[in-house]
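Report on the structure given below.
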């Protein structure tokens, strides 16, 4: 007897499968070899990502753990998942505990570097990361929560001393995920690139010119959008140098982008500051594939969104919101959040 799926063309089967959630696809891989081959192919993964847009928000909450000898409590991180569906109202039942499949001795040392296409990049970073004279071991791993698989990156070919920043990005031209580690040495800064396709580290060519008697200081938050990593970069004086700097030299904060495919840096203009001080404490993030910059002032948080000019390669900043922060309040525990997409089947 002829099998029923022969009544459907392969194109139609692919179209149907591409609209299903990841959980269903994982089960359907066992139906037959042809379906498993389709679902596991890179082409189908790309199609599924472009067809499905559900996302979840990963919440990080710090809650008191067991009391220590003096009666105090050491905060311990917990992870929760919140369904984020713009077509349906929020529901408390959407909030669910999120257990990690790997063992970490100190959850407070676990840091989410970024999430792209359902893959989460994490590092286990000790608190003395910025101690230049400390030789560190910083495990980095890629994790696909949808299928419960994770992999630790191979040991690097460089020292983790002088680490300034670890970034996660995606090269759509080669379907490759890359991790970039910046080392802020006393000489010329350097960076190293890990490629998932090659499963190897290599050194990149650093083209950002350092300022004499200065060292680069990377901002605390980075963002990946439009195929580029973004981060605020400042110059600060070497503590061992005695240098007289004029006001013009003090204005050194810049927004830099790093093209993951071309592996080149470019400087981007910052929005006009609303305060006299320089934009040194801004935060950058991504919402719905748009780059946002949050500028703190005494009474508000000003949110800017990067806009691309329609008929040129230029870009400009548009003021999106002004959030009043004069009335501060706290409800429950401290919570941070990261938006992740758990819809990559392969």
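Residue numbers (the UniProt record's numbering): 1 to 346. We put the CB at the ideal spot given by N, CA and C, even for glycine.
Item, Value
"With a CB to CB cut of under 8 Å and the five nearest residues on each side skipped, what residues in its chain are close to residue 261?", "171, 172, 173, 174, 227"
"Identify, in the order they occur along the chain, each residue of the same chain with its Cβ nearer than 6 Å to the Cβ of residue 158, setting aside the five sequence neighbours on each side.", "192"
"Assign residue 122 to one of three DSSP states: helix, strand, or coil.", "strand"
"Relative to the C-alpha of residue 196, which residue among 190, 143, 224 is closest?", "143"
"Rounded C-beta distance between residue 289 and residue 225? I'm assuming under 8 Å.", "6 Å"
"Which two residues bound the contiguous beta strand (DSSP E) that contains residue 260?", "Here residue 260 belongs to no beta strand (DSSP E), and DSSP marks it neither H nor E."
"May I ask you to report which of helix, strand or coil DSSP gives residue 140?", "strand"
"How long is the line joining the alpha carbons of residue 36 and residue 154, rounded to whole angstroms?", "29 Å"
"Whose C-alpha, out of 161, 165, 137, 163, is nearest the C-alpha of residue 152?", "137"
"Based on the DSSP output, what are the partners of residue 319 in its beta bridges?", "304"
"Mind checking residue 169: buried by the 16 CB within 10 Å criterion, or exposed?", "buried"
"Looking at the unbroken beta strand (DSSP E) that takes in residue 116, where does it start and where does it end?", "110-116"
"Let's test the definition: count the other Cβ atoms within 10 Å of the Cβ of residue 100 and tell me whether it reaches 16, buried, or not, exposed.", "exposed"
"Rounded to whole angstroms, what is the Cα-Cα separation between residue 43 and residue 291?", "27 Å"
"Taking just the CA atoms, how far does residue 222 sit from residue 282?", "11 Å"
"I need the straight-line Cα distance from residue 113 to residue 296, nearest angstrom please.", "23 Å"
"How many whole angstroms separate the CB atoms of residue 25 and residue 17, which I take to be in contact at a CB cut-off of 8 Å?", "7 Å"
"Mind checking which residues open and close the beta strand (DSSP E) that includes residue 191?", "190-195"
"Is it true that the CB of residue 183 sits closer than 8 Å to the CB of residue 163?", "yes"
"For residue 7, name the three-state secondary structure that DSSP assigns.", "helix"
"Which two residues bound the contiguous alpha helix (DSSP H) that contains residue 22?", "22-28"
"Could you check the C-alpha separation between residue 161 and residue 123 for me, to the nearest Å?", "15 Å"
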